[in-house]
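Line by line, the protein sequences give chains V and A. No gaps in the numbering here: position 58 of the first sequence is 55 in my numbering, and each next residue is one more. No gaps in the numbering here: position 14 of the second sequence is 11 in my numbering, and each next residue is one more. Every residue gets a Cβ at the ideal spot worked out from N, C-alpha and C, and that includes glycine. Okay, structure first, notes after.
There are 2 protein chains.
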Amino acid sequence: MMTSGGKKCSSMRLRYLTQKEAIALDEDLFNEYKFSVDQLMELAGLSVATAVARTYPAATHPSALIICGPGNNGGDGLVAARHLKLFGYNVSIYYPKRTPKPLYENLLAQCLAFGVDIVEKLPPPKELCNEYQFLVDALFGFSFKPPVRDEMKPAMDALIDAGLPVCSVDVPSGWNVEKGPGVIRPLRPDMLISLSAPKMCAAPEFILGAKHFLGGRFLPPGIIQKYFLRLPDYPCQDQIVQLSC
Amino acid sequence: MMTSGGKKCSSMRLRYLTQKEAIALDEDLFNEYKFSVDQLMELAGLSVATAVARTYPAATHPSALIICGPGNNGGDGLVAARHLKLFGYNVSIYYPKRTPKPLYENLLAQCLAFGVDIVEKLPPPKELCNEYQFLVDALFGFSFKPPVRDEMKPAMDALIDAGLPVCSVDVPSGWNVEKGPGVIRPLRPDMLISLSAPKMCAAPEFILGAKHFLGGRFLPPGIIQKYFLRLPDYPCQDQIVQLSC
């Protein structure tokens, strides 16, 4: 899937993280490197919003639905929703299982203050295209293990059956973090933004033609060494880098 | 100082905040809009690093000294130091009065983990140009009231007498937030990045020919209305907008 010699796409061979490595790397950032979740979620969510806005311009794709899960992936989605609103989009979020932690409650309050709409009940998937031009999948991240629980099935159905372009955050929801889609009717995102470093399911043989970005420009050299990462250079001051076109 | 019709510079008439308004606006962001300091400092520091990198490219200005004060302005400087390191600069910080709060201790730990150098004692101002190509002034922000305390004088002397380009963060240090330079030998920054909204001292009659940016793209509509702000549009997904060239 990598292009070679393209100006916008990095053609380097990446290293893809196992689920265990992704979890350990994340813990290192907080425990050893003293980052707060607030800090990194803000940068991650900004990366997501930036990659989405470059791919789906507001002029042609004015309205987005962000589907947020209960964990940090959903938190990235809440941050992205706020930044997308600042970028000029009409933004709605579907956030069926809210985590009663101050961080998430505050991120949601910020969304509301910025005029993000909350969708309490999803319409049938095929009707989503009447209101939205694309979906952001911030449902499950690198700590997900199948199967999808019943209460999350409407969200998965929306992502799979709406017929709208989908941008997945870090891991396409419902996928095995290492083995990729692997179910009968998997989500097939049009775009994936890996955060900090790509996980195994982001390899070209799994994501097929999806546009692939890397975001979360915050890894210290010690992490890059410890996990033997090979990461492309981010251009200038950009918070994202495009990996495949 | 405003240019009109320029592509890169906004020519709109801004509203400049009083010190009291700046303090109240900041409190609103945390109390009413539920932002954490970590979140907004991360975005503010990223704005600073981005504006600096656009003004002083690493190819011609590879080494920066960031002078950090004890408060939130210094915290913005610590965040900017880390992002500048990620942007490829050699970065040193001078941080003479450290605040024993976890947020600041963690920001400093992050700087160290990224290879930012700590300068314990400043050389004479005229010798700074042997090691650095520009300085970032993150000493005092919008809550500063003159005079400068003795322990901060070496930092002020460095900023004023080094003969190096200086980028001031939000408020040029030592200035009256509303009345501008106003002292016998004021700091004259080459560049100013106002955060969230410009303060009165950022008016063209005070900053004279300094390049002026706005950063901190995080104000909710309720704040813009409450403080009657007139802010330029940020271009695309940029975290900064240039106000004067």
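**Request:** Determine the DSSP secondary structure at Gln239 (chain V), reduced to helix, strand or coil.
**Result:** strand
**Message:** Please list, in chain order, the residues of the segment 69 to 97 of chain V that have any C-beta partner in chain A closer than 7 Å.
**Reply:** Leu83, Phe84
**Request:** Under 7 Å Cβ to Cβ from Asp25 (chain A), same chain only, skipping five residues before and after it: list those, please.
**Result:** Ile220
**Request:** Thinking Cys164 (chain A) and Pro186 (chain A) are a contact (beta carbons under 8 Å), I'd like their distance in whole angstroms, please.
**Result:** 6 Å
**Request:** For my contact list, Ser60 (chain A) and Gln130 (chain A) are in at a C-beta cut-off of 8 Å; report their separation, rounded to the angstrom.
**Result:** 6 Å
**Message:** Just checking: is the beta-carbon of Gly112 (chain V) within a distance shorter than 9 Å of some beta-carbon in chain A?
**Reply:** yes
**Asked** Rounded to a whole number of angstroms, what is the C-alpha to C-alpha distance between Met(-2) (chain A) and Asp167 (chain A)?
**Response** Bear in mind that the predicted position of Met(-2) (chain A) carries a pLDDT of just 36, short of 50, making it unreliable; the figure below should be weighed with that in mind. Approximately 18 Å between the Cα atoms of the pair.
**Request:** Step through the CB atoms of chain A and report whether any lies within less than 9 Å of the CB of Asp158 (chain V).
**Result:** no
**Message:** Against chain V, does Pro121 (chain A) count as a neighbour if the rule is that its beta carbon must be under 9 Å from one of theirs?
**Reply:** no
**Prompt:** Would you say Ala46 (chain A) and Ala78 (chain A) are within 9 Å of each other, going by their C-beta atoms?
**Reply:** yes
**Request:** Let me know the alpha helix (DSSP H) ranges lying completely inside the segment 105 to 165 of chain A, each 4 residues or longer, listed in chain order.
**Result:** 150 to 158
**Prompt:** Rounded to a whole number of angstroms, what is the C-alpha to C-alpha distance between Met153 (chain A) and Pro162 (chain A)?
**Reply:** 14 Å
**Item:** Alpha-carbon spacing of Phe210 (chain A) relative to Asn173 (chain V), whole angstroms
**Value:** 45 Å
**Cβ neighbours of Leu132 (chain A) in the same chain (closer than 8 Å, five flanking residues each side left out)** = Ala61, Leu62, Ile63, Ile64, Leu125, Ala155, Leu156, Ala159, Leu161, Pro162, Val163, Cys164
**Prompt:** Thinking C-alpha only, which one of A:Leu119, A:Lys82, A:Phe139 is nearest Asn69 (chain A)?
**Reply:** A:Phe139
**Prompt:** By the criterion of Cβ-Cβ separation under 8 Å, what are the contact partners of Thr47 (chain V) in chain A?
**Reply:** Gln234
**Asked** Residues in the segment 209 to 229 of chain V with C-beta within 8 Å of chain A's C-beta atoms, listed in sequence order?
**Response** Arg214, Phe215, Pro217, Pro218, Gly219
**Request:** Could you have a look at Cys233 (chain A) and say whether DSSP puts it in helix, strand or coil?
**Result:** coil
**Request:** Report yes or no: is there a C-beta of chain A within less than 9 Å of the C-beta of Gly3 (chain V)?
**Result:** Reliability fails at Gly3 (chain V), whose pLDDT of 41 lies under 50, so the model's placement of it is uncertain and the value that follows must be treated cautiously. Not one chain A Cβ lies under 9 Å of Gly3 (chain V).
**Request:** Go ahead and pull the three-state DSSP assignment for Val88 (chain V).
**Result:** strand
**Prompt:** Which same chain residues, not among the five before or five after Cys93 (chain A), have their C-beta less than 8 Å away from its C-beta?
**Reply:** Going by the sequence as given, residue 93 (chain A) is Pro instead of Cys. Here the set comprises Glu148, Met149, Pro151, Ala152.
**Prompt:** Which residue comes first and which comes last in the beta strand (DSSP E) that contains Leu40 (chain A)?
**Reply:** From DSSP, Leu40 (chain A) is part of no beta strand (DSSP E) but of the alpha helix (DSSP H) over 34 to 52.
**Prompt:** The alpha helix (DSSP H) with Ala78 (chain V) in it runs from where to where?
**Reply:** 69 to 83
**Prompt:** Quick one, which of V:Tyr91, V:Met188, V:Arg95 has its alpha-carbon nearest Ala207 (chain V)'s?
**Reply:** V:Met188
**Prompt:** Who are the neighbours of Ala106 (chain A) on chain V, taking C-beta pairs under 8 Å?
**Reply:** Tyr30, Lys31
**Request:** Give the residues of chain V in contact with Ala50 (chain A), contact being defined as C-beta atoms less than 9 Å apart.
**Result:** Cys233, Gln234
**Asked** If you check the beta carbons only, do Lys223 (chain A) and Ala110 (chain V) fall under 9 Å apart?
**Response** no
**Asked** Is Gly171 (chain V) closer than 9 Å to Phe203 (chain V) when the C-beta atoms are compared?
**Response** no
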